[in-house]
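Worksheet: one structure, shown below.
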Amino acid sequence: MTPSIQTIRDDFSLLDEWEDRYRYVIELGEGLPPFPEAERTAANKVPGCVSQVWL
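Anchor point for the sequence shown: position 30 equals 301 in the working numbering, and the numbering is continuous, going up by one each time.
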């Protein structure tokens, strides 16, 4: 089950260290299904990210 935006915001606000926030975001991503290849376009890519990230 994917948490709501409010739950994510509430959880994120409890994390003071950037490492903890980073770890939390990674954990959220690991719980998602793979992003469809057809959606991996330049328009959906996050610019400036070291990793390849699409939204």
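Even for Gly, the Cβ is constructed at its ideal location relative to N, Cα and C.
Segment limits, alpha helix (DSSP H) that includes residue i
i: residue 296; result: 289 to 301
i: residue 280; result: 276 to 284
Cβ distance (whole Å) where residue i is taken to contact residue j below 8 Å
i: residue 236; j: residue 306; result: Since the displayed the chain opens at 272 and closes at 326, residue 236 lies outside it and no answer follows.
i: residue 303; j: residue 295; result: Residue 303 to residue 295, Cβ: 14 Å. No contact.
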